[in-house]
Amino acid sequence: MPSFRGDMKKVIHIVGARPNFMKVAPIHRAISARTSLRQLVIHTGQHYDAKMSDVFFADLGLPPPEIHLGIGSGSHAEQTAKMMVEMEKVFLQEKPDLVSVVGDVNSTIAAALVTSKLAIPLSHVEAGLRSFERHQPEEINRVVTDRLSDLLLTPSRDADANLLKEGIDPKHIHLVGNVMIDSLLSSKEKADQLPTLKTLGLTPKGYVVATLHRPSNVDNPKLLAGLLGVLMDVAKELPVVFPVHPRTRKMIAEQGLGPKLEQTPGLKLVDPMGYLEFLSVTSQAKLVMTDSGGLQEETTALNVPCLTMREQTERPITVEVGSNEVVGTDPARIREAANRVLSGDFKKGRVPELWDGRTGERIADLYARFLGVETKRAFG
C-alpha cells in the first residue's frame, strides 16, 4: 500500500463502477496538472468484470488504482459493509486530507459513512441529483452522501435547488458543471477514429443503441420481457446495438429469452464495450434507448435523441434543455416515441450551462483552495 510524504496534502478518489471512472479521470488529470496535491485511487471492485472496469482505465488515461479492495458482488448490505471495513483500514493508514466520491453507487455511500465516522472531509461530485423515488437504492445513496459531505459539487442549477430545499448550507454547495462531459469531449475525436461501426456493419445515423441494467427494470421478469419486446420491434426498422450488462444477461438467461433475442434480425447483442468503443457507437446513433443516468447526460451533450425507459429521472436538466425524453416502461408508449424519432420527429436540445469540458479544472482548483494549496491558475 503506497504512502506519501507527511507534509503533502492528500486526496483519495473512490471508484467502484464504470460510470465512476469517466468522472474521476478528468479530476485526477486536472489535479496532477494544476496542484501539488498527492492523489490515491481506490477501486472497491464493485464492478469486478474486466470488461466493465479495467478497460475503462486504459481508455480514459486514468492510472491503475493504487489500491484494489476486491469486494465483488453481494447484496446491498453485504457489499456496502465489506467496503466500509476495508476502506476504514486504508483511511486510517493513509490519513487523507480529503476523500472525493462521485455518483450514487454503493462505493460512494460506503466511503461517505466511513469518512463521517473518522472525521475526514468528504467531497461529493454530482451532488444534489434527485429522482424523488426512495425505493431506488441509488436515491438513498445520493441523499445520505449529500447529508454527510463537506463539499457538494453540483452539475446543474436544479441540483443546487434540491440541496437548498433539503436545508444544506449554501456555503457548502458549488456549481461546477458536469465532469463526465469532460471525458466525452476529450475522447470523442479518438473514439470517432475507431472502426467500431464498420466492424458491426453499421452506418452513421443508421442504427439504434440500447442499454438496460437497472434492477427495477431487469429484475422484474414481466417488465424485462416487455422492454426487450420493444427492442425487437425497433430492430425491424433499424439495427439495434445492445451491449448486454452482466446483470441483464443473467436475467435474460434465467427467463429463457436468449434464443429469441439472438434470432431476431437486426438485434445485435454484444458484450459490454470499453469507453471509447461505446462512445464511437452512441455519438453516431440515430437514437439511444436506455435506463442509464450517464447516457442521458452524454446524449444531451452530443445532441443525440435519447429515450429514457424509466418513470422518473434524477437528471431533469437533460429533459428541460437537452435531447432526452422520459418515456416510462410501458411498451406501447416507448414504441410510439421510438417511431417518432425514427421518422425524424424529435426535439433538438442544447448543452446545459458549464457542460464545457472544464469541470475537472474547476474541481481541482476548488480542492486546492479547500486544502490551502496554491494552483497554477485561478479558479474559473
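Note that our numbering has the sequence shown beginning at 1, numbered continuously upward. Beta carbons are placed, not taken as given, at the ideal position from N, Cα and C, and that holds for glycine.
- Runs of alpha helix (DSSP H) wholly within the region 36–81 (minimum 4 residues, chain order): 54–60
- Task: For residue 21, count neighbouring C-beta atoms within 10 Å of its own C-beta (all shown protein chains included) and say buried if the count is 16 or more, exposed if not.
- Result: buried
- Query: So, is residue 283 buried or exposed, given that buried needs 16 or more other C-beta atoms within 10 angstroms?
  - Reply: buried
- Would you report the Cα separation of residue 203 and residue 197, rounded to the nearest angstrom? 6 Å
- Item | CB contact flag (residue 109, residue 140, <9 Å) | yes
- Helix, strand or coil for residue 131, going by three-state DSSP, please let me know. coil
- Task: Kindly indicate which three-state DSSP category residue 278 falls into: helix, strand or coil?
- Result: helix
- Task: Buried or exposed for residue 85, please, with buried defined as at least 16 other CB atoms from any protein chain shown within 10 angstroms of its CB.
- Result: exposed
- Could you work out which residue in 130, 118, 254, 262 is closest to residue 221 when comparing CA atoms only? 254
- Task: Specify, as a first and last residue, the run of the beta strand (DSSP E) that residue 10 falls within.
- Result: 10–15
- Item | Start-end ranges of the beta strand (DSSP E) lying completely within the region 239–298, minimum 3 residues | 240–243, 267–270, 287–290
- Query: Among all the DSSP beta bridges, which residues are the ones paired with residue 325?
  - Reply: 307
- Message: Quick check on residue 173: does DSSP put it in helix, strand or coil?
- Response: strand
- To the nearest angstrom, how far is it from the Cα of residue 127 to the Cα of residue 147? 10 Å
- Task: Hey, could you find the ends of the beta strand (DSSP E) residue 203 is sitting in?
- Result: Here residue 203 belongs to no beta strand (DSSP E), and DSSP marks it neither H nor E.
- Determine the closest residue to residue 321 out of 302, 309, 331, with distance taken between C-alpha atoms. 302
- Message: Could you tell me the alpha carbon to alpha carbon distance between residue 124 and residue 118, rounded to whole angstroms?
- Response: 17 Å
- Backbone secondary structure at residue 28 - three-state DSSP: helix
- Would you identify the three-state DSSP class for residue 343, choosing helix, strand or coil? coil
- Message: Three or more C-beta pairs under 8 Å: does that hold for the region 204–214 against the region 237–247?
- Response: yes
- Message: Quick check on the burial criterion: 16 or more other C-beta atoms within 10 angstroms. Buried or exposed for residue 286?
- Response: buried
- Query: Exposed or buried, residue 8, counting other C-beta atoms within 10 Å across all chains shown (16 or more means buried)?
  - Reply: exposed
- Could you give the DSSP three-state label for residue 156: helix, strand or coil? coil
- Message: Here's the rule I'm using: 16 or more other beta-carbon atoms within 10 Å means buried, otherwise exposed. How should residue 348 be labelled?
- Response: exposed
- So, helix, strand or coil for residue 218, using DSSP? helix
- Starting from residue 123, trace the beta strand (DSSP E) both ways and give me its first and last residue. 122–125
- Item | Assigned secondary structure, residue 366 (DSSP; H/G/I helix, E/B strand, else coil) | helix
- Beta-carbon contacts of residue 233 that lie in its chain and below 7 Å, excluding the five residues immediately before and after: 335
- Message: Under DSSP, the alpha helix (DSSP H) around residue 144 begins and ends at which residues?
- Response: 137–148
- Near residue 34, what residues of its chain come up, given a Cβ to Cβ distance below 8 Å and the 5 sequence neighbours on each side ignored? 361, 364, 365, 368, 375, 376, 377
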